[in-house]
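Enquirer:
There are 4 protein chains.
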Amino acid sequence: MAANTFGTLFRVTTWGESHGKTVGVVIDGCPPGLEITEKIIQTELDRRKPGQGRLTSHRNEGDQVKILSGVFEGLTLGTPLAMEVENQEYRPKDYEAMKDVFRPSHADMTYEAKFGRRAWPGGGRSSARETIGRVAAGAVARVWLKKKFSLEIVAWVEQVKNLIAGTTDFSTVSRQDVYANEVRCPDPEMAEKMAELIDRARKDCDSVGGIIKVVIRNCPAGWGEPVFDRMDAVLAHAFMSIPATKGIEIGSGFSCALMTGSEHNDPFSMENGRVITETNYSGGIQGGISNGMQVTARIAFKPTATIARPQNTVTSKGEPFVLKAKGRHDPCVLPRAVPIVEAMAALSLADLAMQQAARI
Amino acid sequence: MAANTFGTLFRVTTWGESHGKTVGVVIDGCPPGLEITEKIIQTELDRRKPGQGRLTSHRNEGDQVKILSGVFEGLTLGTPLAMEVENQEYRPKDYEAMKDVFRPSHADMTYEAKFGRRAWPGGGRSSARETIGRVAAGAVARVWLKKKFSLEIVAWVEQVKNLIAGTTDFSTVSRQDVYANEVRCPDPEMAEKMAELIDRARKDCDSVGGIIKVVIRNCPAGWGEPVFDRMDAVLAHAFMSIPATKGIEIGSGFSCALMTGSEHNDPFSMENGRVITETNYSGGIQGGISNGMQVTARIAFKPTATIARPQNTVTSKGEPFVLKAKGRHDPCVLPRAVPIVEAMAALSLADLAMQQAARI
Amino acid sequence: MAANTFGTLFRVTTWGESHGKTVGVVIDGCPPGLEITEKIIQTELDRRKPGQGRLTSHRNEGDQVKILSGVFEGLTLGTPLAMEVENQEYRPKDYEAMKDVFRPSHADMTYEAKFGRRAWPGGGRSSARETIGRVAAGAVARVWLKKKFSLEIVAWVEQVKNLIAGTTDFSTVSRQDVYANEVRCPDPEMAEKMAELIDRARKDCDSVGGIIKVVIRNCPAGWGEPVFDRMDAVLAHAFMSIPATKGIEIGSGFSCALMTGSEHNDPFSMENGRVITETNYSGGIQGGISNGMQVTARIAFKPTATIARPQNTVTSKGEPFVLKAKGRHDPCVLPRAVPIVEAMAALSLADLAMQQAARI
Amino acid sequence: MAANTFGTLFRVTTWGESHGKTVGVVIDGCPPGLEITEKIIQTELDRRKPGQGRLTSHRNEGDQVKILSGVFEGLTLGTPLAMEVENQEYRPKDYEAMKDVFRPSHADMTYEAKFGRRAWPGGGRSSARETIGRVAAGAVARVWLKKKFSLEIVAWVEQVKNLIAGTTDFSTVSRQDVYANEVRCPDPEMAEKMAELIDRARKDCDSVGGIIKVVIRNCPAGWGEPVFDRMDAVLAHAFMSIPATKGIEIGSGFSCALMTGSEHNDPFSMENGRVITETNYSGGIQGGISNGMQVTARIAFKPTATIARPQNTVTSKGEPFVLKAKGRHDPCVLPRAVPIVEAMAALSLADLAMQQAARI
């Protein structure tokens, strides 16, 4: 474990505060010979950037990625692959008022407790801009996993507040389906309702939470490193490291509590000469190791902490304060979190794949 | 990350299969000067061992711990603290029949996919005996956390199938309350009903799942290492590495999906000169760092995979097989999982405490 | 261990090839509250950059460092501190001729064996430009070590070929003495002779090696993490990771082979209420832990592999080839290696200091 | 880096003080399917144990290894492989007198500075008994390296004080040659003289140092992880972590300081369709990566710190004390260090081999 580094062999280290010069990432351990261009990375980054519609904040970040090292003549070298995105719109005045205020359910108070100080403009390191490095690195991991294993990762918004996407056949949802609308929900009708709900929350100076589902296809059997780095544990770590997450489920998740063993056990059988399970309550992972079935997970995101209505709080000096947030913010983080979830899944799997490959 | 090692500074490495000579653990990085005796460790181990009543398997394991190193004249030396427990009752014949069979929702198939072979007697490394090392190490971490920070960790069974413990005041549940009954549920009436439910499941040749709640008190503000080793992410990793877990919640967990920001945000206020939050949907963690409130989590455990009724499966050669489990097994893992949850919490917190201390 | 990351708590990750956009570094784990400016970093970088005189290559690199993150209002935040330097003078044509040639005693052949490809312009990742990130990070570590412990690190050129600096009193050599001349040798007369020798080597189309001495003062007793991360082992790792190194000595080094125990043992005695050793063959380290005396080491650097005279070699296709190096290169790496040695010592000690501090 | 763990993928964690119940080791990441028996391990352990002749201490340790986990039906499982050796001859009274005394050039003073206390009987963790775990783990690494790559590691005593083994052809020295005599020097005549010298040192109540040479054959090109985990840096770390080491050389070592580039560069040429170097001053490593030639290193060991003549020192209370060592000790550590050097080389290479394999 190491604060700003994720992974053992496909090691990703991110940097950057919302107000600094750049946010970025170094991938150490990236396999050589991968075709990586700024365009591939940019496509993924564009999926998380704000200013895409009525649902997200109207900040125009640009977020043009630059590859700084590790790629030569269009192919990865195997050396550290660094990428960065400039922070273009730093307006400290927007945040000056909140310099000494602890915003409720934000990280202001805890960063100050930890480090004795904090970068108050725009949340500093706790800003969601930090995830740019994750998405950029995840894009590289995706290329490798796709090329080497035909592995696919698709995430989508399954639930916003009480609105739940219609039962979808997980095995067929494509990223095209997901990114077809700005909610990132592959059920277009429900997506429209969710968009309205989010918009209403904004007008109401409030925010809403929800659930993202993620599915991993063509994951070979045998990945995951028991006992501590089981695939489910690594995914839980990865997903819970995304800002605003409060819960993680693998396969059956919390619903397993209500089931009996005879209901929950996944019977093995054969299909085309390959061992499969007839149900998949295990979520593709048994004993912490992938079994060749689809790996499935669900992640709960809390409602955005920044809301435009007055809130009671205290200052860093311990004085009462009524906070009214200004500036730009999303009333629902889920649409923008979808590519981040996909990225963290990709980083986890690339790392576990390499760990398994090392065991020759 | 490293397969069988957990932690960066308080580093715990476990070993052992169910059938081997011993199971054990080495703690590297244990602070010097702690009073550690075999009795302290044994008390914790006794909380997870089977054969304690009608609910758990009737195997008499003994499980006497031996301290092998790292303690001198009753105090830790700061050098590696190794402990082991002998495997006394290895009866390979009990398992011979399952040598070539993939037990449903067990790790037989996946260990074979991963390693090309597996220790078939008693589950080998995927046996819950592996957790002995975790509990032994957790006992040491507890001593340090208690001595240094007055930190307390209490876990209990909150739900077994559809039976839910009555609303308990989290701030007062003690380990004494929890370990007063064999279900490890501090609501004695519900504990009795849960015991009956588990007993019925056994008679029905079936098993049941449930939920464990864990609360951490007196955790100082400032622990947790964003962005990847946030306290919530580390706890999620730790808990999801326990066998049979399928879901993790911090604070509000999945219920946050249904809330608005104005409901979910925890207002700050002052209490005795200290910043507190008036509600605790954050579960004591904000931006991945502890805020001084109680840290709270919930963990879903699936129903035991081993059940005494016939199940369809396949052999390692891909032939259909009807499996009927013999031998000893628990119809509900939760009572024995309680001390394991506490141990993983202790290991996580000891490590994060040391990481914070290093930042002088 | 992790390829391009050094350290456990003060973790430094570097990136960059000689031909890429930038070379840079991220420090993860940097203590908060340190006064760090680009000027402080630049001062150190200027000590390693070429084009400083007759002894080093005439390339004008500029090497202006930019702090990208981790510093706010002049103080470190405790978050990742990233820095980069642009590669300004990339002239691929200078290197085109060597695209398919394995330069003797360079890393061309081995990078190709390892990664299947390599960045042929200017050595790519194996270029000494990689060390810019180390020196920048080392500058930050120095600030912390100086502030917190009054710790000082001074390295100098002790020997170039057969020229050896006059017996210097290690306890008084200052960085000012060292950087007073372009050879970085605190014996000014010998420095002049060394400069002439290096200049002759250049005219002779050849190169020379030598030895750098490094001394660490005010290192508290108690640092170093036996058994594997002893201070001497970590320093050996750190120094041997610098390009062109072939040997490392701590304290008495290889001369210990000729001594008896009664000669080599350092008698303990008291001085001002503090335990000291009367001699220091141990080099300030006993059992892998600092004992409070000066930590001393020596490092052997080979003669620069790039020489302007024709050399027999083979191409990547296995054909014989006569190579005659063009372009800029130093006939002796030692003067520029001095700040790199100091940086690696600083990174090692900052990390060990934090590891010791964690053991509260 | 982690105090008592070595390696990233082939991870070895040792435990044990001289006075505790056992010394031992866990290997995490050991490839599955290796034929490992206690006999194979014991053979290596017997090479380092004392009581083998006139040169080493007359302590009869037994040192019977037990495999505790990770091996099933004679083959490794891929799970943690733990091994232990009991400490049989603990005689605290032998050491009682030294309880409060800092033995010169031992680790008593520094362990106390680091941990605030120490296990005074027999050196505790700083005792050479700690290396038993390394040798046991190294034996496993050897089996894998031999099976998978036909890789061979041979070390021997090259120099004791001023006695130097006759020029040996490195490519032909076998372990059989080395272990044919108790000095572990493949030059039988010089071995005899060395034995006499060591014996004289003992009679003289003194001790002697020397140099061990190690050669690695059939190491594939491409191993080593620049920039920080170069093969030379990892070997330097590994060797310098062995008690009593003061210097490390790779290839030409310190002699490179006296050479010019035209002398030191290793010309490439072809041999049987394979790229070779005509000389090997590089010691088989270029740019931190193996080039397919023999990897060569030399390690300086100081004279044993324990000597039977009176020495001036201080107590832990700072009082002057005249120490006269009692008990058993070797007047020269080199013969017993030979298998330890081989083990550390094996552990380093197994780990680097797995890291390279992961890069698929």
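Residue numbers (this note's numbering), protein chains in the order written: chain A, 1 to 360; chain B, 361 to 720; chain C, 721 to 1080; chain D, 1081 to 1440. We treat Cβ as the ideally placed atom computed from N, Cα and C, and that holds for glycine.
Helix or strand or just coil, what does DSSP make of W15 (chain A)?
Expert: strand
Enquirer: Just to confirm, is the Cβ distance from P1300 (chain D) to W1224 (chain D) under 7 Å?
Expert: no
Enquirer: Using a Cβ cut-off of 7 Å, pull out every chain C residue sitting near A717 (chain B), in sequence order please.
Expert: A1077, A1078 and I1080
Enquirer: Shortest alpha-carbon distance to A665 (chain B) belongs to which of B:A555, B:A657 and B:A561?
Expert: B:A561
Enquirer: Among all the DSSP beta bridges, which residues are the ones paired with L435 (chain B)?
Expert: B:E395 and B:F432
Enquirer: Count the C-beta pairs between the region 21-35 of chain A and the region 77-89 of chain A that are closer than 8 Å, then say yes if the count reaches three, no if not.
Expert: yes
Enquirer: Between L68 (chain A) and chain D, is the shortest Cβ-Cβ distance under 7 Å, so that the two count as touching?
Expert: no
Enquirer: Looking at chain C, is there any beta carbon in it that lies within less than 7 Å of the beta carbon of M714 (chain B)?
Expert: Closer than 7 Å to some Cβ of chain C, the Cβ of M714 (chain B) qualifies, so yes.
Enquirer: I believe P1347 (chain D) touches T1357 (chain D) by the beta-carbon criterion, under 8 Å. Please report the beta-carbon distance rounded to the nearest angstrom.
Expert: 7 Å
Enquirer: Within 7 Å of any Cβ in chain D, is that where the Cβ of L151 (chain A) sits?
Expert: So, not an interface residue.
Enquirer: From which residue to which residue does the alpha helix (DSSP H) around W864 (chain C) run?
Expert: T851 to F869
Enquirer: By the criterion of Cβ-Cβ separation under 7 Å, what are the contact partners of D1346 (chain D) in chain G?
Expert: Absent from the structure: chain G. Protein chains present are A, B, C and D.
Enquirer: Taking any Cβ of chain D, which residues in the region 937-952 of chain C have a Cβ under 9 Å from it, in chain order?
Expert: P940, A941, G942, W943, G944, E945, P946, V947, F948, D949, R950 and D952
Enquirer: Would R298 (chain A) pass as a contact of K193 (chain A) if the rule is Cβ separation under 7 Å?
Expert: no
Enquirer: Using the C-alpha atoms, what's the distance from N578 (chain B) back to I962 (chain C)?
Expert: Each residue's Cα considered, the two are about 46 Å apart.
Enquirer: Within the continuous beta strand (DSSP E) that includes L1403 (chain D), where are the two ends?
Expert: Note, L1403 (chain D): beta strand (DSSP E), P1400 to L1403.
Enquirer: Going by DSSP in three states, E1358 (chain D) sits in which element: helix, strand or coil?
Expert: coil
Enquirer: Taking the straight line between their C-alpha atoms, what separation do you get for E398 (chain B) and A706 (chain B)?
Expert: 18 Å
Enquirer: Quick check: is the beta carbon of S1321 (chain D) nearer than 7 Å to any beta carbon in chain C?
Expert: yes
Enquirer: If we define contact as Cβ-Cβ less than 7 Å, is W1236 (chain D) a contact residue for chain B?
Expert: Nearest CB-CB separation between W1236 (chain D) and chain B: not below the 7 Å threshold.
Enquirer: For V1108 (chain D), which three-state DSSP category applies?
Expert: Val is not the amino acid found at residue 1108 (chain D); the sequence shown has Asp there. If DSSP states are grouped into helix, strand and coil, D1108 (chain D) belongs with the strands.
Enquirer: Going by DSSP in three states, K1022 (chain C) sits in which element: helix, strand or coil?
Expert: coil
Enquirer: What are the boundary residues of the alpha helix (DSSP H) that R922 (chain C) is part of?
Expert: P908 to K923
Enquirer: With a 10 Å radius around its C-beta and 16 neighbouring C-beta atoms as the bar for buried, classify M630 (chain B) as buried or exposed.
Expert: exposed
Enquirer: Rounding to the nearest angstrom, what Cα-Cα distance links V431 (chain B) and L437 (chain B) in this structure?
Expert: 6 Å
Enquirer: If you measure beta-carbon to beta-carbon, which residues of the region 733-755 of chain C are closer than 8 Å to chain B?
Expert: G749, P751 and P752
Enquirer: Rounded to the nearest angstrom, how far is the Cβ of I216 (chain A) from that of V140 (chain A), given a contact under 8 Å?
Expert: With a Cβ gap of about 17 Å, I216 (chain A) and V140 (chain A) do not count as contacting.
Enquirer: By how many angstroms is the C-alpha of A1316 (chain D) removed from the C-alpha of Q1374 (chain D)?
Expert: Rounded to whole angstroms, Q1374 (chain D) to A1316 (chain D) spans 16 Å at the Cα level.
Enquirer: Is L77 (chain A) close to chain C? Criterion is C-beta to C-beta, closer than 7 Å.
Expert: For L77 (chain A), a Cβ of chain C is located within less than 7 Å of the residue's own Cβ.
Enquirer: What would DSSP say about R1255 (chain D), mapped onto helix, strand or coil?
Expert: helix
Enquirer: Using a C-beta to C-beta distance shorter than 8 Å, which residues of chain C count as neighbours of T110 (chain A)?
Expert: By Cβ distance, chain C contributes nothing, its closest Cβ being about 12 Å from T110 (chain A), past 8 Å.
Enquirer: Could you name the residues of chain D that K148 (chain A) contacts, counting a contact when the two beta carbons are closer than 9 Å?
Expert: I1440
Enquirer: Can you look up Q1374 (chain D) in the DSSP assignment and give me helix, strand or coil?
Expert: coil
Enquirer: Hey, is M259 (chain A)'s beta-carbon within less than 7 Å of any beta-carbon in chain B?
Expert: yes
Enquirer: Does the beta-carbon distance from G7 (chain A) to D351 (chain A) come in below 7 Å?
Expert: Remark: C-beta atoms of G7 (chain A) and D351 (chain A) approach each other more closely than 7 Å.
Enquirer: Against chain D, does G569 (chain B) count as a neighbour if the rule is that its beta carbon must be under 7 Å from one of theirs?
Expert: no
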